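Residue numbers (full-length UniProt numbering), protein chains in the order written: chain A, 1 to 305; chain B, 1 to 279.
Structural data, given as structure tokens:
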């Protein structure tokens with residue numbers, strides 16, 4: 001296990017380097033003069049020339065790359081053209097909102113998904129099972145903006161229980177987290193159901209039953225613990241796509257998170273800010289994946305040797 | 001034909017086929033019922049009319065028939081998603097089959113790149129491509145397509161690796177068949193069934209991803225009807241006329257649901273091992 005974790009840790013700097021390189025190349029592969037694009041259509045030639053010098057675009061590509069790498073290492077990803085503030089700081093600020101949203105949604109997803117999945121597996125073939133299968137399939141198929149709008153309509157507009165836009169109080173996070181969490185729960189419920197069905201048909205469950213082990217212990221200790229490994233692995237993968245869904249959810253609920261910032265940066269053509277958002281987004285996902293892999297190795301005894 | 005029969009005998013396959021047909025058929029027939037001009041030209045005398053005989057779903061915020069826009073919008077969504085799955089399929093299978101068949105540093109490097117791409121959410125990969133290419137329907141289709149490549153590349157590499165050691169492939173090599181002949185005649189036909197399953201599921205996720213990107217304003221510009229964009233454009237009417245906002249989104253849900261059901265059913269049918277476990 002230590003070897004596997006060490007290998008993953010060794011790979012980490014390369015992944016991060018690739019990420020920063022992709023962010024660097026982003027601005028260079030856009031057709032046209034980056035300085036002209038960033039300065040905007042009504043910039044004077046002098047402004048464009050000044051920006052070219054400021055961005056170091058008059059130097060060779062390799063020099064630009066090395067300068068960029070050096071700056072990133074010291075935490076400098078340039079100044080956002082839109083606001084004049086450091087792009088990296090802005091992206092990291094926004095990350096706090098996205099991280100809150102992601103963690104709460106993940107908890108909802110695991111709670112709802114695992115409970116529904118286990119229930120469906122235990123009541124296999126009944127109406128309840130069919131209902132859960134249908135609901136979780138709908139969860140997999142629903143566009144993120146539809147679930148968000150339905151929640152807004154029901155809980156925000158008709159019942160007036162919770163606020164529907166902004167991120168100033170914890171209550172503001174209720175609907176967005178539910179919106180993302182319930183979608184993710186669909187996928188988790190599907191995996192949990194099939195993993196539980198697989199485990200419950202194993203010989204050791206029958207043996208436990210024959211020995212007179214109570215049903216509760218059979219399901220939770222013998223069943224869910226073994227089904228937990230595939231569930232954990234899917235949950236880890238989902239954490240990444242959760243940030244993808246957050247782009248839409250944050251836009252709808254007006255949460256000033258990283259996803260919404262990225263969309264705004266794209267619309268503003270603020271390439272420095274886009275680069276910062278992508279690096280922060282990417283680094284976070286790389287780290288979460290690493291953490292999942294390590295957790296995976298710890299949980300699954302077969303991977304320890 | 002055999003697959004079709006089995007599909008109709010399979011419960012979720014049948015439901016999936018029915019849902020898909022119910023959506024795709026009217027979309028295909030849309031030009032017979034509504035002219036494209038009707039669905040893009042605004043008519044401010046008829047804004048936000050409730051459903052009636054003339055307008056089965058009423059009219060939208062610019063006085064256009066909602067049903068007509070839904071059907072024409074479905075064409076845009078279907079074409080966008082089909083093109084993107086085709087891009088992902090062709091590029092992904094080419095990469096995957098070659099990386100699985102030819103060993104070497106290049107294959108290794110390519111697959112590491114694929115793995116790295118797979119790490120990131122598809123939404124992020126697609127947004128990256130759109131940032132480079134600009135907004136619009138062409139770059140949207142390419143962006144969604146590129147984000148699909150890793151799925152097909154991994155699948156076809158795995159299947160090719162498994163086939164490479166099988167006797168008939170080795171025998172073909174031994175009697176002097178060229179690499180391209182082995183790849184096209186012996187390997188490709190044998191990995192088609194997992195690819196078909198994956199393509200169906202990839203289509204479902206391409207519809208949802210394209211609609212999401214379009215909702216964010218990265219897709220076709222107005223007045224082109226597109227399901228994601230229609231929801232985004234009508235968003236401010238969520239409280240006063242929710243059906244205009246929700247109808248295109250529900251259309252996405254149904255189409256994706258239909259294809260997900262079809263994909264699940266195809267997987268059961270194509271993989272007999274799974275079917276045996278079920279019964």
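Heads up, the beta-carbon is just placed ideally off N, CA and C, and yes, glycines get one too.
Please read all numbers here as calculations on a predicted model, not as lab measurements.
Residue 96(A) versus residue 219(B) - alpha carbon distance: The alpha-carbon atoms of residue 96(A) and residue 219(B) are separated by roughly 29 angstroms.
If I follow the unbroken alpha helix (DSSP H) through residue 215(B), where does it start and stop? DSSP places residue 215(B) inside the alpha helix (DSSP H), whose first and last residues are 192-215.
Boundaries of the alpha helix (DSSP H) in which residue 113(A) is found, first to last residue: Element bounds for residue 113(A): 87-122.
Please report how far the alpha carbon of residue 92(B) lies from the alpha carbon of residue 183(B), in whole angstroms. The alpha-carbon atoms of residue 92(B) and residue 183(B) are separated by roughly 15 angstroms.
Give me the residue from 52(B), 135(B), 85(B), 188(B) with the minimum Cα distance to residue 208(B). It is 85(B) whose Cα lies nearest to the Cα of residue 208(B).
For a contact defined as C-beta to C-beta under 7 angstroms, what are the partners of residue 18(A) on chain B? 116, listed in chain order.
Of all Cβ atoms in chain B, is any one closer than 9 angstroms to the Cβ of residue 244(A)? Closer than 9 angstroms: yes.
Under a three-way DSSP split, which group does residue 115(B) fall into? In this structure, DSSP gives residue 115(B) a helical state, which the three-state scheme calls helix.
Residue 20(B) - DSSP class collapsed to helix/strand/coil: Reduced to three states, the DSSP call for residue 20(B) is helix.
In angstroms, rounded to a whole number, what distance separates the CA positions of residue 68(A) and residue 181(B)? Our two residues, residue 68(A) and residue 181(B), have alpha carbons roughly 47 angstroms apart in a direct line.
With 16 other CB atoms within 10 Å as the buried threshold, where does residue 9(B) fall? By the Cβ-count criterion, residue 9(B) is exposed, with fewer than 16 other Cβ atoms from all chains shown falling within 10 Å of its own Cβ.
Coil, strand or helix - residue 38(B) by DSSP: Residue 38(B): helix per DSSP, three-state reduction.
Check whether residue 248(A) and residue 216(B) have beta carbons under 9 angstroms apart: Yes. Within cutoff.
Closer than 8 angstroms: is that where the CB of residue 168(A) sits relative to any heavy atom of the ligand FMN? Ligands displayed in this structure: none; no statement on the ligand FMN is therefore possible.
Within 10 angstroms of its Cβ, does residue 7(A) collect 16 or more other Cβ (buried), or is it exposed? Counting C-beta atoms within 10 angstroms of its own C-beta, residue 7(A) has fewer than 16 neighbours from the protein chains shown and is therefore classed as exposed.
Pick out whichever of 239(A), 34(A), 227(A) has its Cα sitting closest to the Cα of residue 53(A). With distances taken between Cα atoms, residue 53(A) lies closest to 34(A).
Counting only Cβ pairs nearer than 9 angstroms, list the residues of chain B close to residue 281(A). Those within 9 angstroms of residue 281(A) in chain B are 120, 121, 124.
For residue 246(A) versus residue 261(A), is the C-beta spacing smaller than 9 angstroms? The Cβ atoms of residue 246(A) and residue 261(A) lie no closer than 9 angstroms to each other.
Residue 160(B) in three-state terms, based on DSSP: Three-state result, residue 160(B): helix.
Can you tell me whether residue 149(A) is buried or exposed? The criterion is at least 16 other CB atoms within 10 Å of its CB, across all chains shown. Burial check for residue 149(A): the Cβ neighbour count within 10 Å reaches 16 or more, so the residue is buried.
Does any residue of chain B have a CB that is nearer than 9 angstroms to the CB of residue 145(A)? Yes, residue 145(A) lies at the interface with chain B (some Cβ there is under 9 angstroms from its Cβ).
If we define contact as Cβ-Cβ less than 9 angstroms, is residue 204(B) a contact residue for chain A? Closer than 9 angstroms: yes.
Roughly how many angstroms separate the alpha carbons of residue 57(A) and residue 89(A), rounded to a whole number? Taking the straight line from one Cα to the other gives about 23 angstroms.
Would you mind stating whether residue 78(A) and residue 87(A) have Cβ atoms separated by less than 9 angstroms? Going by C-beta atoms, residue 78(A) is nearer than 9 angstroms to residue 87(A).
Output the boundary residues of the alpha helix (DSSP H) element that contains residue 220(A). In the DSSP assignment, residue 220(A) falls outside any alpha helix (DSSP H) and carries neither an H nor an E.
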